[in-house]
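Shown next, in structure tokens, is the structure this report addresses.
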Amino acid sequence: MSRTLEPSGGTRTAARAGGDTDQFPVIFERSRPGRRAWSLPDAAVDAPALDDLIPAQHRRTTAPALPEVSELDLVRHYTRLSQRNWAIDVGPYPLGSCSMKYNPKIAEQAANLPGFASLHPFAGDELVQGALELLGILERSLCEATGMARLTFQPAAGAQGELTGLLMMRAFHESRGDKRTKVIIPDSAHGTNPASVSLAGYRAEEVRSDERGLVDVDALKQALDQETAGLMLTNPNTLGLFERDIKEIAAAVHEVGGLLYYDGANFNSIVGVVRPGDMGFDIVHMNLHKTFATPHGGGGPGSGPLAVSERLERFLPAPVLAPPAYEGDRWRWDHDRPDSIGRIHSFHGNFGINVRAYAYLRSLGPEGLRLVAERAVLNANYLKALIEEAFPTAYPGDCMHEFVSTAKSLRKKGVKAMDVAKRLIDLGYHPPTVYFPLVVDEALMVEPTETESKETIDGLAAALNQIAAEADTDPELVKAAPTSTPVRRPDEAKAARELRLRWSPE
Ligand SMILES: Cc1ncc(COP(=O)(O)O)c(C=O)c1O
Numbered sequence: 000m001s002r003t004l005e006p007s008g009g010t011r012t013a014a015r016a017g018g019d020t021d022q023f024p025v026i027f028e029r030s031r032p033g034r035r036a037w038s039l040p041d042a043a044v045d046a047p048a049l050d051d052l053i054p055a056q057h058r059r060t061t062a063p064a065l066p067e068v069s070e071l072d073l074v075r076h077y078t079r080l081s082q083r084n085w086a087i088d089v090g091p092y093p094l095g096s097c098s099m100k101y102n103p104k105i106a107e108q109a110a111n112l113p114g115f116a117s118l119h120p121f122a123g124d125e126l127v128q129g130a131l132e133l134l135g136i137l138e139r140s141l142c143e144a145t146g147m148a149r150l151t152f153q154p155a156a157g158a159q160g161e162l163t164g165l166l167m168m169r170a171f172h173e174s175r176g177d178k179r180t181k182v183i184i185p186d187s188a189h190g191t192n193p194a195s196v197s198l199a200g201y202r203a204e205e206v207r208s209d210e211r212g213l214v215d216v217d218a219l220k221q222a223l224d225q226e227t228a229g230l231m232l233t234n235p236n237t238l239g240l241f242e243r244d245i246k247e248i249a250a251a252v253h254e255v256g257g258l259l260y261y262d263g264a265n266f267n268s269i270v271g272v273v274r275p276g277d278m279g280f281d282i283v284h285m286n287l288h289k290t291f292a293t294p295h296g297g298g299g300p301g302s303g304p305l306a307v308s309e310r311l312e313r314f315l316p317a318p319v320l321a322p323p324a325y326e327g328d329r330w331r332w333d334h335d336r337p338d339s340i341g342r343i344h345s346f347h348g349n350f351g352i353n354v355r356a357y358a359y360l361r362s363l364g365p366e367g368l369r370l371v372a373e374r375a376v377l378n379a380n381y382l383k384a385l386i387e388e389a390f391p392t393a394y395p396g397d398c399m400h401e402f403v404s405t406a407k408s409l410r411k412k413g414v415k416a417m418d419v420a421k422r423l424i425d426l427g428y429h430p431p432t433v434y435f436p437l438v439v440d441e442a443l444m445v446e447p448t449e450t451e452s453k454e455t456i457d458g459l460a461a462a463l464n465q466i467a468a469e470a471d472t473d474p475e476l477v478k479a480a481p482t483s484t485p486v487r488r489p490d491e492a493k494a495a496r497e498l499r500l501r502w503s504p505e
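The opening residue of the sequence shown carries number 0 in numbering that gives the first Met the number 0; numbering runs sequentially from there.
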């Protein structure tokens with residue numbers, strides 16, 4: 000008998016199937032010569048001969064060392080593995096800054112339609128008119144939602160969108176014979192921001208947050224000068240707080256000739272309510288894998304389209320999509336872009352994520368999108384209020400889609416934010432983000448997302464409050480958690496540094 004996790008909250012006891020112990024063999028260890036599983040070929044027609052597809056001299060001469068297993072072994076192995084995984088389809092995933100929200104199955108079905116899923120990347124424009132039209136409509140919708148003029152779908156993640164935007168910022172200044180050296184970033188920024196700034200050849204200069212958790216406008220004004228290529232900001236910021244002084248900030252940056260970059264990873268908190276373009280931003284990336292369906296994390300794939308205002312349009316990565324110019328004309332890719340910064344991704348980014356985003360947008364409509372933002376903010380504030388006593392937020396006031404609490408009051412009993420996260424696993428919840436942003440001591444960064452119900456949020460709050468009480472009465476219980484998982488506390492630094500993804504026999 001062993002304890003396994005229930006979808007959202009609580010634990011249950013279940014009998015394990017024969018042979019399923021905590022440590023079970025990898026699929027290669029199950030291999031026995033000659034065992035096979037079968038599936039029918041995809042097509043009803045005969046496949047071409049292998050010789051016609053791959054000439055003999057390009058083929059391997061020895062068979063690959065693939066596991067040889069029966070269908071039953073195969074099914075059980077992967078079913079067990081899937082049960083070891085936490086997933087958004089199993090329970091909530093309140094990872095602040097990572098928006099693990101539910102991906103409606105209709106978006107998944109749309110992306111799996113054979114006409115989309117089987118598209119060949121080298122198919123000519125005339126053969127993929129439907130796909131191009133989908134991208135065209137999605138581009139218009141996202142430009143409308145952000146208040147921007149044009150957009151590229153090439154970036155495959157938020158971080159790649161950042162790099163693309165910063166390279167365009169650079170191209171913009173250089174086209175005016177203006178060589179600038181630095182980009183300003185608030186101290187609460189996501190780690191990818193300074194990394195992208197360095198990759199783009201700029202120096203990242205940090206500006207501090209004030210006692211409200213917002214950009215200190217006076218400090219910013221002091222940092223702004225003729226060397227400033229731009230300011231990179233996410234609004235709401237990573238503390239989940241809306242930068243109220245954004246108009247003043249934008250005016251100050253523009254006054255020194257700088258550009259405003261909007262890290263739109265937190266767009267789900269304002270979509271349909273306020274537009275980055277109207278706040279004064281010139282460049283915006285969105286994480287479609289956060290705001291528009293697809294859950295974030297798990298190594299991708301993602302989509303971080305980058306939208307820009309008119310004055311930056313000519314620098315967009317080539318090619319850009321050209322809509323039909325007259326009745327009977329067709330969609331096509333325009334490669335004739337002399338000022339483009341060039342390609343930053345093969346083909347047109349991760350097309351499947353864009354199809355999911357399209358389905359999500361079309362199923363919600365403008366009113367539905369506004370509701371997304373309103374519910375994201377409501378859910379976060381509701382949860383914040385429920386746990387405030389045990390885990391107060393570091394900064395005052397209402398939050399947007401996420402909030403950052405501190406677990407530092409538990410320190411007197413030797414309990415840390417990491418222990419709270421681990422204990423939450425025993426209670427059937429995925430932990431929130433911990434120790435980020437760095438400006439908050441013992442940070443717990445929580446984002447319930449707009450897709451969770453009141454009951455689920457109540458359950459999560461009850462679990463967190465229970466842990467706070469346990470930390471007081473039985474701190475060892477919290478420090479020893481998790482006790483319900485096959486692996487309890489892995490050495491995280493070792494796991495990251497000595498990653499072994501490939502099994503080989505001893
Ligand atoms: C505020 C913020 N900016 C940028 C990123 C980077 O996005 P990605 O992980 O897709 O590269 C994230 C990711 O979660 C984020 O939360």
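Glycine residues also receive a C-beta, built at the ideal position from the N, C-alpha and C atoms.
Per DSSP, the continuous alpha helix (DSSP H) segment holding Val216 begins and ends at 216-222.
A residue is listed when its beta-carbon falls short of 7 Å from at least one non-hydrogen atom of ligand 1; in chain order these are Ser96, Cys97, Ala156, Gly157, Ala158, Gln159, Glu161, His189, Thr191, Asn192, Thr233, Thr237, Asp262, Ala264, Asn265, Asn286, His288, Lys289, His295, Gly301, Gly303. In terms of CA proximity to Val419, Ala442 leads the group Val438, Ala442, His400. Pairwise C-beta distances place the region 132-150 in contact with the region 270-287, as three or more of them are shorter than 8 Å.
Annotation note: the region 175-252 contains the following uninterrupted beta strand (DSSP E) runs of length 3 or greater, listed N- to C-terminal: 181-185, 202-206, 227-232. Annotation for Val273: no alpha helix (DSSP H) segment contains it, and DSSP assigns it neither H nor E. Per DSSP, reduced to three states, the secondary structure at Arg336 is coil, with no helix or strand assignment. Under a 10 Å Cβ-count criterion, His119 is classified as exposed, with fewer than 16 other Cβ atoms of the shown protein chains found around its own Cβ. If you check the CB distance, Thr432 and Met444 come in under 8 Å. Distance from the Cα of Pro447 is smallest, within the candidate group Val439, Asp457, Asp440, for Asp457. The C-beta of Tyr359 has 16 or more other C-beta atoms within 10 Å across all chains shown, which makes the residue buried. Secondary structure of Met444 (DSSP, three-state): strand. In chain order, His334, Arg336, Ser339, Gly341, Arg342 place their CB closer than 7 Å to the CB of Ala317, counting only its own chain and leaving out the 5 sequence neighbours on each side. Judged by beta-carbon spacing, Lys181 lies within the 8 Å limit of Glu204, meaning their Cβ atoms are closer than that value.
When secondary structure is reduced to three states using DSSP, Ala356 falls in the helix class. About 10 Å separates the Cβ atoms of Thr450 and Tyr92, ruling out a contact at the 8 Å cut-off.
The region 228-241 makes contact with the region 379-395: 3 or more CB pairs, one atom from each, lie closer than 8 Å.
By the 16-neighbour rule on beta-carbons within 10 angstroms, Gly257 is buried.
The alpha-carbon of Lys246 is positioned some 19 Å away from that of Gly271. Under the three-pair Cβ rule at 8 Å, the region 188-196 does not count as touching the region 126-135. Here Thr482 is exposed. Its C-beta has fewer than 16 other C-beta atoms within 10 Å. With distances taken between CA atoms, Leu409 lies nearest to Ala467 out of Arg361, Ile386, Ala467. Under DSSP, Asp262 shares a beta bridge with His284. For Ser96, the number of other beta carbons within 10 angstroms of its own is at least 16, and it is reported as buried. Contact between the region 107-118 and the region 214-226 is not established, with fewer than three Cβ pairs separated by less than 8 Å. With contacts defined by Cβ atoms closer than 8 Å, Ser268 and Met399 form a contacting pair.
By the CB criterion at 8 Å, Thr405 and Asp440 fall inside the cutoff. In terms of CA proximity to Gly33, Ala64 leads the group Asp41, Ala64, Asp51. Secondary structure note for Val477: its alpha helix (DSSP H) is the uninterrupted segment 474-479. With fewer than 16 other Cβ atoms from the protein chains shown falling within 10 Å of its own Cβ, Asn84 counts as exposed. In this structure, the CA atom of Ala155 is about 27 Å from the CA atom of Val376. Sequence-distant Cβ neighbours of Val354 in its own chain, meaning closer than 6 Å and more than five residues away, are Ala109, Ala110, Phe115. DSSP places Phe402 in the strand class (E or B) of the three-state scheme. The beta carbon of Leu198 lies closer than 6 Å to those of Leu162 in the same chain, with the five residues before and after it left out. For Arg149, the enclosing beta strand (DSSP E) covers residues 149-151.
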